[in-house]
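Chemist: Here you go, one structure.
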Ligand SMILES: [Zn+2]
């Protein structure tokens, strides 16, 4: 009598686990590979499994079967504990076994960063406790892969941070913090791991993302305040032509209908810095995208620049040089912030 789904309520009479760990049914192992062991969950569900598979997957089971002489009566409803109390609920055992058995479909072992199983932390902990060494290694590798993803690939950095903290995976927690720097702080958090995290652990991501944003914006301001570059004495046209001796003005155009306003050339540049800080910079810093973001001027700023003879001539080249300069400053700030995050997380 297999149940329909992995979820069930605790009962006194043991029930059979869903396929493929049911004792009968076409999609169980019954007709091709009959089971030789029953594993009972803490909520009274019997999993019909194979000693050889458990021994292969788990060092704990390998030892257990080496010590306990095989005896069909004793082995019935053997529980996944040594102190006599079953600790793992059905849903965790089910997922643990699904991962541990040889994959029967590609989806069985795939873990997607934006579709993580709500029991992943429990499964990972159980894999560690019962020494499902291959599975534990596989899950660790998956976490390593997640930690190496570009920030924009992580849809819910707050959940990924929680998982990184709970599993003691520092690089994953750090990747999540960096990913969160490019997002608005959510008004409410709601994910399965939230209840497992302490208040102070949860606060870390808020504090560190705020700190990161603040210091990166300060670094951008510092870069923008440089009036000319290096020994070549390149002076930004947008600054130079705003000086009283060499007057030149842009016609500032705000998005939407407005009366064009004559402004000192440097003002569109300051507006650009403001827009970068408001989100256009695309935090966290990235060697690949940050320079493009700094060079990308909004359409209304482009109209302003085109209205001025001096700015129209020089801006294209100068904004490239400025982006190079700003990226060097931001890259340094990012590296030092990464060390700060490491120090807090370790
Ligand atoms: Zn101008």
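In the UniProt record's numbering, the protein residues as written are 1 to 346.
Even glycine gets a Cβ: it sits at the ideal position worked out from N, Cα and C.
Is it buried or exposed for residue 118, if we count other Cβ within 10 angstroms and need 16 for buried?
Modeler: Taking the chain shown and counting its residues from 1, the one referred to as residue 118 is at position 118. Classification for residue 118: exposed.
Chemist: Of all the options 95, 60, 337 and 63, which has the alpha carbon lying nearest to the alpha carbon of residue 21?
Modeler: In the chain shown, the residue the question calls residue 21 occupies position 21. Checked all of 95, 60, 337 and 63; the closest Cα to residue 21 is 95.
Chemist: How is residue 346 classed by DSSP in three states: helix, strand or coil?
Modeler: As a working mapping, residue 346 is identified with position 346 in the chain shown. Looking at residue 346 - three-state DSSP - the assignment turns out to be coil, as it is neither helix nor strand.
Chemist: Residues in its own chain within less than 8 Å of residue 209 by CB, not counting five upstream and five downstream?
Modeler: The residue given as residue 209 occupies position 209 in the chain shown. Here the set comprises 177, 180, 181 and 185.
Chemist: Specify the secondary structure class of residue 187 as computed by DSSP and reduced to three states.
Modeler: In the chain shown, residue 187 corresponds to position 187, counting from 1. Collapsing the DSSP output to three states places residue 187 in coil.
Chemist: Using only the alpha-carbon positions, how far apart do residue 287 and residue 267 sit?
Modeler: As a first step, residue 287 is located in the chain shown; it is residue number 287 there, counting from the start. As a first step, residue 267 is located in the chain shown; it is residue number 267 there, counting from the start. Their backbone Cα atoms lie some 28 Å apart in a straight line.
Chemist: Skipping 5 residues on each side, what residues in its chain have a beta carbon closer than 8 Å to that of residue 270?
Modeler: To locate residue 270, count along the chain shown from 1; it is residue 270. Only 224 meet the Cβ criterion.
Chemist: Per DSSP, residue 228 is paired with what?
Modeler: One-based indexing of the chain shown puts residue 228 at position 228. Per DSSP, 235.
Chemist: Check whether the Cβ atoms of residue 175 and residue 154 lie closer than 8 Å to each other.
Modeler: Taking the chain shown and counting its residues from 1, one reaches residue 175 at position 175. Taking the chain shown and counting its residues from 1, one reaches residue 154 at position 154. Their beta carbons are under 8 Å apart, which means residue 175 touches residue 154 by this criterion.
Chemist: What's the C-alpha gap between residue 311 and residue 234?
Modeler: Position 311 of the chain shown, counted from the first residue, corresponds to residue 311. Position 234 of the chain shown, counted from the first residue, corresponds to residue 234. Computed Cα separation, rounded: 14 Å.
Chemist: Span of the alpha helix (DSSP H) holding residue 121?
Modeler: Within the chain shown, residue 121 is the residue found at index 121, counting from 1. It spans 120 to 129 - the alpha helix (DSSP H) in which residue 121 sits, taken as one unbroken run.
Chemist: Assign residue 222 to buried or exposed, taking buried as 16 or more other Cβ atoms, counted over all protein chains shown, within 10 Å of its Cβ.
Modeler: Locating residue 222 in the chain shown gives position 222, counting from the first residue. Exposed, by the Cβ-count rule.
Chemist: Among 93, 62, 51 and 55, which residue has its Cα nearest to the Cα of residue 44?
Modeler: Reading the chain shown from its first residue, position 44 is the one you call residue 44. Looking at the Cα atoms, 93 is the closest of the given residues.
Chemist: Given that a residue counts as buried once 16 or more other Cβ atoms are within 10 Å of its Cβ, and exposed if not, what is residue 281?
Modeler: Walking along the chain shown from the start, residue 281 turns up at place 281. With 16 or more Cβ atoms within 10 Å of its Cβ, residue 281 is classed as buried.
Chemist: With distances taken Cα to Cα, identify the nearest neighbour of residue 171 among 58, 135 and 150.
Modeler: For this step, residue 171 is matched to residue 171 along the chain shown. Checking every option, the nearest Cα to that of residue 171 belongs to 150.
Chemist: Would you tell me roughly how many angstroms separate the C-alpha atoms of residue 54 and residue 121, rounded to the nearest one?
Modeler: On the chain shown, position 54 is the one that residue 54 refers to. On the chain shown, position 121 is the one that residue 121 refers to. A direct Cα-Cα distance of roughly 20 Å separates residue 54 from residue 121.
Chemist: Hey, quick one: how far does the beta strand (DSSP E) through residue 157 stretch, first residue to last?
Modeler: For the purposes of this step, residue 157 is taken as the residue at position 157 of the chain shown. That residue, residue 157, is in no beta strand (DSSP E); its alpha helix (DSSP H) goes 157 to 166.
Chemist: Hey, how far is the Cα of residue 40 from the Cα of residue 275?
Modeler: In the chain shown, counting from the first residue as 1, residue 40 sits at position 40. In the chain shown, counting from the first residue as 1, residue 275 sits at position 275. Spanning the two alpha carbons is a distance of roughly 59 Å.
Chemist: Starting from the Cα of residue 142, find the closest Cα among 251, 169 and 264 and give me that residue.
Modeler: Taking the chain shown and counting its residues from 1, the one referred to as residue 142 is at position 142. Residue 169 is the option with its Cα nearest to residue 142.
Chemist: So the candidates are 113, 112, 127 and 199; which of them puts its Cα closest to the Cα of residue 98?
Modeler: Sequence index remark: in the chain shown, residue 98 carries index 98 (1-based). When each option's Cα is compared against that of residue 98, the closest is 127.
Chemist: Given this structure, state the Cα-to-Cα distance separating residue 249 from residue 263, to the nearest angstrom.
Modeler: For the purposes of this step, residue 249 is taken as residue 249 along the chain shown, with counting starting at 1. For the purposes of this step, residue 263 is taken as residue 263 along the chain shown, with counting starting at 1. If you draw a straight line from the Cα of residue 249 to the Cα of residue 263, it comes to about 5 Å.
Chemist: Is the Cβ-Cβ distance between residue 277 and residue 217 less than 8 Å?
Modeler: In the chain shown, counting from the first residue as 1, residue 277 sits at position 277. In the chain shown, counting from the first residue as 1, residue 217 sits at position 217. Yes.
Chemist: Mind checking who residue 291 pairs with in its DSSP beta bridge?
Modeler: Counting from one through the chain shown, the residue named residue 291 turns up at place 291. Beta-bridge pairing links residue 291 to no other residue.
Chemist: Restricting to Cα atoms, I'd like to know which of 191, 139 and 136 is closest to residue 160.
Modeler: As a working note, residue 160 is residue 160 in the chain shown. Considering only alpha carbons, the answer is 191.
Chemist: Out of 48, 33, 131 and 102, which has the shortest C-alpha to C-alpha gap to residue 62?
Modeler: Here residue 62 refers to the residue found at position 62 of the chain shown. The candidate whose alpha carbon is nearest that of residue 62 is 131.
Chemist: Taking 8 Å as the cut-off, decide whether the C-beta atoms of residue 47 and residue 19 are in contact.
Modeler: In the chain shown, residue 47 corresponds to position 47, counting from 1. In the chain shown, residue 19 corresponds to position 19, counting from 1. In this structure, residue 19 does not lie closer than 8 Å to residue 47 by Cβ.
Chemist: With hydrogens ignored, establish whether the beta-carbon of residue 267 is closer than 7 Å to any heavy atom of ligand 1.
Modeler: As a first step, residue 267 must be located in the chain shown, where it is residue number 267. Answer for residue 267: no, Cβ out of range of ligand 1.
Chemist: So, residue 333 versus residue 215, is the Cβ gap smaller than 8 Å?
Modeler: Here residue 333 corresponds to residue number 333 of the chain shown, with the count starting at 1. Here residue 215 corresponds to residue number 215 of the chain shown, with the count starting at 1. Closer than 8 Å, so yes.
Chemist: Among the candidates 220, 226 and 342, whose CA atom is the shortest distance from the CA of residue 285?
Modeler: Residue numbering aside, residue 285 sits at position 285 when the chain shown is read from its first letter. Answer by Cα proximity: 220.
Chemist: What is the rounded straight-line gap between the Cα of residue 135 and the Cα of residue 322?
Modeler: Residue mapping note: residue 135 aligns to position 135 of the chain shown, counting from 1. Residue mapping note: residue 322 aligns to position 322 of the chain shown, counting from 1. Their Cα atoms are separated by approximately 49 Å.
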